[in-house]
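First comes the structure, then the notes that go with it.
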Amino acid sequence: MSTIQAPRSGNSRIAPQYRRTSGSKGNFEMFAWLFMRLSGVVLVVLIFGHLFVNLMVGQGIHAIDFGFVAGKWADPFWQFWDLAMLWLAFLHGSNGVRTIINDYAEKDSTRRVLKTLLYVASAVVVVLGTLVIFTFDPCPVLNGQLMDGAPSFCPAP
Numbered sequence: 345m346s347t348i349q350a351p352r353s354g355n356s357r358i359a360p361q362y363r364r365t366s367g368s369k370g371n372f373e374m375f376a377w378l379f380m381r382l383s384g385v386v387l388v389v390l391i392f393g394h395l396f397v398n399l400m401v402g403q404g405i406h407a408i409d410f411g412f413v414a415g416k417w418a419d420p421f422w423q424f425w426d427l428a429m430l431w432l433a434f435l436h437g438s439n440g441v442r443t444i445i446n447d448y449a450e451k452d453s454t455r456r457v458l459k460t461l462l463y464v465a466s467a468v469v470v471v472l473g474t475l476v477i478f479t480f481d482p483c484p485v486l487n488g489q490l491m492d493g494a495p496s497f498c499p500a501p
């Protein structure tokens with residue numbers, strides 16, 4: 345019968361590539377880990393608040409249409425709420441995918457390409473989403489006419 349030695353007892357050593365250095369990468373990973381925990385808690389509040397307002401208040405899901413979204417985004421509170429949800433969700437998700445890329449991409453060049461694609465795609469979606477939230481026109485006009493389906497609060501042109 346053989347015995348198993350306690351970890352790191354005797355001759356067991358940590359391989360040099362796994363030694364933690366006191367560089368900035370260690371601090372970045374700690375902040376990324378902390379961000380995931382904190383943003384996850386905030387996202388739960390934002391998402392359940394979003395779902396409650398959209399699905400439970402008023403007429404529920406039957407009231408969700410263009411006018412409902414237009415009315416919500418006319419209020420700066422809901423613009424900020426949706427913006428915070430968008431930014432946190434994408435930063436949280438991108439950080440998770442970055443961790444997966446670091447764990448599973450073996451070659452440095454593959455890791456660099458995948459993370460570059462991830463950062464570019466995330467930046468494009470966040471910028472476009474932010475533009476949509478802040479430049480959204482609830483009263484679209486085409487050729488001097490208010491478009492069909494415009495909310496009732498839109499004034500006639």
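Residues 345 to 501 (this note's numbering) are what the sequence shown spells out, left to right.
The beta-carbon is built from N, C-alpha and C at its ideal position, and this holds for glycine as well.
This one's a predicted model, so the numbers in the text were calculated from it and none came from an experiment.
Euclidean distance between Cα positions of residue i and residue j
i	j	result
Gly-402	Ala-467	35 Å
Leu-475	Gln-349	59 Å
Ala-418	Arg-381	32 Å
Tyr-463	Ala-500	43 Å
Met-400	Ala-407	10 Å
Leu-486	Phe-480	15 Å
Phe-497	Pro-482	9 Å
Lys-416	Trp-422	6 Å
Gly-404	Gly-411	14 Å
Counted within 10 angstroms of its Cβ, other Cβ atoms place residue i as buried (16 or more) or exposed
i	result
Asp-452	exposed
Asp-447	exposed
Asp-492	exposed
Asp-426	buried
Checklist entry - Which whole runs of the alpha helix (DSSP H) in the stretch 414-466 are 4 residues long or more, in chain order? => result Whole alpha helix (DSSP H) segments, 4+ residues: 420-448.
Checklist entry - Do the stretch 454-471 and the stretch 424-441 touch if we need at least three Cβ pairs shorter than 8 Å? => result Touching, per the Cβ criterion.
Checklist entry - Is it true that the stretch 437-453 meets the stretch 389-409, where meeting means three or more beta-carbon pairs spaced less than 8 Å apart? => result By the criterion of at least three beta-carbon pairs nearer than 8 Å, the stretch 437-453 is not in contact with the stretch 389-409.
Next on the checklist: For the stretch 459-466 against the stretch 374-393, do three or more pairs of beta-carbon atoms, one drawn from each stretch, fall closer than 8 Å, so that the two count as touching?
Outcome noted: No, the stretch 459-466 is not in contact with the stretch 374-393.
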